[in-house]
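Here the structure comes first, spelled out in structure tokens, and everything after it is commentary.
2 protein chains.
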Amino acid sequence: VTAAVAGAPARLHKRLADVVGAEAVRSDPGALAAYGIDATPLQRGKPSVVVFPTTTEQVAGVLRTASEAGVGVIPRGAGTNLSAGTVAHHGEILLVLTKMNALLEIDAENLCAVCQPGLQTARLGDAVEAQGLLYPPDPGSRTTATIGGNVAENAGGMRGLKYGVTRDYVLGVEAVLASGEVIRVGGKVVKNVAGYDLTRLLCGSEGTLAVLTELTLRLVPKPQASSVGTAYFGDLASAGRAVSRTLAAGVLPATLEFLDAYCIKTVEAFAGVGLDTSAGALLIFGQDGSAETVSADMERIADACRAEGATDIRRASDAAEATRLMEARRAALPALARLGPITLLEDATVPRSKLAEMVERIEAIAASYGLTIGTFGHAGDGNLHPTCVLASNSAEEVERAHRAFTEIFAAAIELGGVITGEHGVGLAKLPWLEANLGSAQMALLRRIKQAFDPAGILNPGKLGS
Amino acid sequence: VTAAVAGAPARLHKRLADVVGAEAVRSDPGALAAYGIDATPLQRGKPSVVVFPTTTEQVAGVLRTASEAGVGVIPRGAGTNLSAGTVAHHGEILLVLTKMNALLEIDAENLCAVCQPGLQTARLGDAVEAQGLLYPPDPGSRTTATIGGNVAENAGGMRGLKYGVTRDYVLGVEAVLASGEVIRVGGKVVKNVAGYDLTRLLCGSEGTLAVLTELTLRLVPKPQASSVGTAYFGDLASAGRAVSRTLAAGVLPATLEFLDAYCIKTVEAFAGVGLDTSAGALLIFGQDGSAETVSADMERIADACRAEGATDIRRASDAAEATRLMEARRAALPALARLGPITLLEDATVPRSKLAEMVERIEAIAASYGLTIGTFGHAGDGNLHPTCVLASNSAEEVERAHRAFTEIFAAAIELGGVITGEHGVGLAKLPWLEANLGSAQMALLRRIKQAFDPAGILNPGKLGS
Chain B
18 VTAAVAGAPA RLHKRLADVV GAEAVRSDPG ALAAYGIDAT PLQRGKPSVV
68 VFPTTTEQVA GVLRTASEAG VGVIPRGAGT NLSAGTVAHH GEILLVLTKM
118 NALLEIDAEN LCAVCQPGLQ TARLGDAVEA QGLLYPPDPG SRTTATIGGN
168 VAENAGGMRG LKYGVTRDYV LGVEAVLASG EVIRVGGKVV KNVAGYDLTR
218 LLCGSEGTLA VLTELTLRLV PKPQASSVGT AYFGDLASAG RAVSRTLAAG
268 VLPATLEFLD AYCIKTVEAF AGVGLDTSAG ALLIFGQDGS AETVSADMER
318 IADACRAEGA TDIRRASDAA EATRLMEARR AALPALARLG PITLLEDATV
368 PRSKLAEMVE RIEAIAASYG LTIGTFGHAG DGNLHPTCVL ASNSAEEVER
418 AHRAFTEIFA AAIELGGVIT GEHGVGLAKL PWLEANLGSA QMALLRRIKQ
468 AFDPAGILNP GKLGS
Chain A
18 VTAAVAGAPA RLHKRLADVV GAEAVRSDPG ALAAYGIDAT PLQRGKPSVV
68 VFPTTTEQVA GVLRTASEAG VGVIPRGAGT NLSAGTVAHH GEILLVLTKM
118 NALLEIDAEN LCAVCQPGLQ TARLGDAVEA QGLLYPPDPG SRTTATIGGN
168 VAENAGGMRG LKYGVTRDYV LGVEAVLASG EVIRVGGKVV KNVAGYDLTR
218 LLCGSEGTLA VLTELTLRLV PKPQASSVGT AYFGDLASAG RAVSRTLAAG
268 VLPATLEFLD AYCIKTVEAF AGVGLDTSAG ALLIFGQDGS AETVSADMER
318 IADACRAEGA TDIRRASDAA EATRLMEARR AALPALARLG PITLLEDATV
368 PRSKLAEMVE RIEAIAASYG LTIGTFGHAG DGNLHPTCVL ASNSAEEVER
418 AHRAFTEIFA AAIELGGVIT GEHGVGLAKL PWLEANLGSA QMALLRRIKQ
468 AFDPAGILNP GKLGS
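Protein chains in written order, with this note's numbering: chain B, 18 to 482; chain A, 18 to 482.
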């Protein structure tokens, strides 16, 4: 599949209208522009047509129509992904699932929820919390992003170390194959080895293997208590050692986030939350569980930070202060983004013990290319977000950043890491994937893609292509 | 691949000896008989030859030799699987990985261990415990089974509800494809979305997609304290309600096992641990964590049991008593096995809330077929082990049990469950898989199998065939 049928957009529009209804198909310039982008900078595509199905049958009909017409289909939710995973580069059909947004069931007895893919993650979170339950995955985009997008991207977030990522909470899916066939995999069962694990294979497949139309998600009891604290360090290496010391003390914190010196200054200038801008690194830590466990663990984390020379170790005195501290971390990206016309956010991940070394490598690479790169991220997961603020959007500067990131990814791989921990491959990371996986594994990914989608209809030109 | 090259076993033996060394190839009747079976009753196969590689390169060489000769290869560890997953039905090469049993590294800082597939699960468990860490998966066969077998089967066990299963602890694998190519997927990173999730796809693939040669496994800090207790109920429905009540109270127990009345009597007659043989059901519950959490949670579980009419709720007073209570549960299978010449252990799984209903269905089906079926299992996971003790090994009685299990699997599927929660599909469950997954998903499994193994060399005639 390389392009829309030449000269046939009007006919495609009409055939799709027969499937989803005329009011659910748009090919006006406004719609094509709005759905031509996702949250990735520097990437702008142009779909042929945008459709808004409301049922699984309509999704199947769209895929059959696309197959007949030889046009690609890009499924998407809110479009918050940061890897150009939903950008149309070949005039594809944009299949927007935001109208399939029902929360079908919260099943407290089986500790799970069933929903459609277009449901906003935060809405699910609020609904289950009202019943004393928790859906742990906590991606930064949770107030906007959809569950279907989270599953398709295997979204991470701030609770990875203790709770894992989206993949760890998907028990079952209904999905439509490129052929239009509907499969149901897994369900309300926590143990299941009946067949290959398609549930997890679809998780993180970025819309290239099937279209998700229903999700069964695992929940856990909501912890009784939680707490957040902060510690400042002279440098990131000390913060990294405090993380190791915390884990060695037998504590698995619910939150372990870090900001480097540049990010501390930038967030403080943006949000004015009272951060110590003279520090070399900030660690934001948190725990949840019973009140006694939270209290004991927070003390042990503070001890670990103190032993590594942390200054000004502080524990939020109430929920409002805890929220404010977490907001400082969440403000990192918007704070960096306002510093220049283009902000490139990356997502390299290394073994936790290599965090400080990786940050030093990033700083050296940034200096050698004359770039400003601040790094923040998930210290407990070794998941770094080196963020490059460009002074201009000149082709030369963009190209320079591109070359710097190539070196950053090579460093991550050299340290035993990967080029993306939670943002996905999409179009943006595809050029570096083979360096990470090797040619035999790349060929295997392509064969898996063909097993699901022999005609290459689903999100063409991305993962598995 | 249907059979060994006719008349060429001696040549195959010699070619394999060139790869792994003469001392590591056996085709004497003793070896062929010993490796012709695994732990599955009524299943006996006959491999052509048995090989014991010691390196990844040798594994790759065996696979290339097999491809050239057109002979299938069945990878196995200790052969404890219960679904005939490693039985040779077509004169295959038995690739025994027990000599590749090194524990390569315990990396406390990154909370992971790296090992070869032939390492015994209990040996890994003991080694990491000595460093204050825990490898949570806890299959019943852990003292015999190997990590590679656990991963290939996605083994479950007694900690599923709180800790998940083997899949949830595999961070990375080295694996040899049917072609002899070696891939490395994942590693010491807890977040990773670089490519399709091959790590989890290989987990539970039962040796049909690739041969695992190295595993990187996630560990957690060892809980400070743990405790085990028991509660007797008049019937299983009450025990099931106590489970629901426990979860509704916000407790996620580390252990929630059950025995029905028949299993209680059988275990007591076998092990003499002082069980109340007049009870309708026994619930064995446990929690781990900080001492305060364990104490508070055990009280809340006891409260939930009391509210559902449990009698004689008891908490182990020390570690020795806790071990004895868990032994009662672990004794269920051996106790049942000595009652007749053949004991068929099954593995249906339903949503947790359907546990009692499923046991009632099993009892009715057993009665209608004139069979004795006792049921025990993992109440927290809805994972039942209905176990049929045959009075004789007559073909008629085996066939009757087969028909009864067909009805049991249909009931599990009807209740939203699956035909196997943790034992795998193998040869034993394959006849029922399509009823569980549907024809479109079965066809997809076959295409995935072909993507990995186009010539069908790996564990032929099993999953994906």
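All C-beta atoms, glycine included, are put in the ideal place defined by N, C-alpha and C.
Between B:443, B:393, B:389 and B:394, which lies nearest to residue 417 of chain B when the distance is taken from Cα to Cα?
B:389
Taking CB distances under 7 angstroms as the criterion, tell me whether residue 55 of chain B reaches chain A.
no
Name the residue from B:74, B:342 and B:160 whose alpha carbon lies nearest to the alpha carbon of residue 276 of chain B.
B:342
Is there contact here, the region 330-349 of chain B with the region 293-312 of chain B, by at least three beta-carbon pairs under 8 angstroms?
yes
Could one say the Cβ of residue 369 of chain B lies closer than 7 angstroms to chain A's Cβ atoms, at least one of them?
yes
Spatial neighbours of residue 462 of chain B in its chain, beta-carbon cut-off 8 angstroms, leaving aside the 5 residues before and after:
454, 480 and 481
Cutting at 7 angstroms between CB atoms, please list the residues of its own chain near residue 193 of chain B, excluding the five before and the five after it.
73, 76, 77, 80, 199, 227, 228 and 230
List the endpoints of the continuous beta strand (DSSP E) containing residue 171 of chain A.
Careful: residue 171 of chain A lies outside any beta strand (DSSP E) and carries neither H nor E.
Starting from the beta carbon of residue 194 of chain B, find every residue of chain A whose beta carbon is closer than 8 angstroms, and list them in chain order.
457 and 461
Leaving out five residues on either side along the sequence, give the residues of the same chain with a beta carbon under 7 angstroms from the beta carbon of residue 30 of chain A.
42, 44 and 66
Residue 290 of chain B, buried or exposed, once every other Cβ within 10 Å from all chains shown has been counted against 16:
exposed
Where does residue 69 of chain A fall in DSSP's three states?
coil
Which residues in chain A have a C-beta closer than 7 angstroms to the C-beta of residue 464 of chain B? List them in chain order.
468
Got a sec? Which residues, its chain only, sit under 6 angstroms from residue 470 of chain A by beta carbon, not counting five neighbours each side?
195
Flag this pair as touching only if the region 139-152 of chain B and the region 87-102 of chain B have three or more C-beta atom pairs under 8 angstroms; answer yes or no.
no
Per DSSP, what kind of secondary structure is residue 75 of chain A in: helix, strand or coil?
helix
What does residue 220 of chain B reach in chain A if we use C-beta pairs closer than 7 angstroms?
214
Is residue 153 of chain A close to chain B, meaning its C-beta is less than 7 angstroms from at least one C-beta of that chain?
no
Between the region 232-258 of chain A and chain B, which residues of the former have CB atoms less than 9 angstroms from a CB of the latter, in chain order?
237, 238, 239, 240 and 241
Which runs of the beta strand (DSSP E) spanning at least 3 residues fall entirely within the region 274-350 of chain B, listed in chain order?
298-306 and 328-332
Could you check if residue 23 of chain B is buried or exposed, using at least 16 other CB atoms within 10 Å of its CB as the buried criterion?
Unreliable positioning characterises residue 23 of chain B in this predicted model, as indicated by a pLDDT of 48, which lies under 50. A coordinate reading is not provided.
Answer yes if the region 214-222 of chain A comes into contact with the region 157-164 of chain A, meaning at least three C-beta pairs across the two stretches below 8 angstroms, and no otherwise.
no
Report the CB separation of residue 107 of chain A from residue 448 of chain A in whole angstroms; it is logged as a contact under 8 angstroms.
Going by Cβ atoms, the distance from residue 107 of chain A to residue 448 of chain A rounds to 17 angstroms, so no, they are not a contact pair.
Through-space distance from residue 202 of chain B to residue 104 of chain B, alpha-carbon basis
28 angstroms
Counting along the chain, where does the beta strand (DSSP E) carrying residue 215 of chain B start and finish?
Element bounds for residue 215 of chain B: not the beta strand (DSSP E) but the alpha helix (DSSP H), 215-219.
Could you check if residue 21 of chain A is buried or exposed, using at least 16 other CB atoms within 10 Å of its CB as the buried criterion?
Residue confidence is low: residue 21 of chain A scores 45 on pLDDT, short of 50, so the model does not pin down where it sits. Its coordinate-derived value is still stated next. It is buried - the Cβ of residue 21 of chain A has at least 16 other Cβ atoms within 10 Å.
For a contact defined as C-beta to C-beta under 9 angstroms, what are the partners of residue 406 of chain B on chain A?
Ordered by position in chain A, no residue passes the 9 angstroms Cβ test against residue 406 of chain B, which lies about 24 angstroms from the chain.
My output table needs one value for residue 184 of chain A: the three-state DSSP class, helix, strand or coil.
helix
Give the interface partners of residue 454 of chain A over in chain B, defined as CB-CB distance under 7 angstroms, in chain order.
211 and 212
Quick check: residue 248 of chain A and residue 322 of chain A, are their CB atoms within less than 7 angstroms of each other?
yes
Does DSSP classify residue 467 of chain B as helix, strand or coil?
helix
Counting only Cβ pairs nearer than 8 angstroms, list the residues of chain A close to residue 184 of chain B.
214 and 217
Using a Cβ-Cβ cut-off of less than 8 angstroms, list which residues of the region 97-115 of chain A approach chain B; keep chain order.
none
Tell me the rounded alpha-carbon separation between residue 423 of chain B and residue 315 of chain A.
53 angstroms
For residue 436 of chain A, return the contacting residues in chain B, with the cut-off set at a CB-CB distance below 7 angstroms.
211
I'd like to know whether the C-beta of residue 376 of chain A is nearer than 7 angstroms to at least one C-beta of chain B.
no
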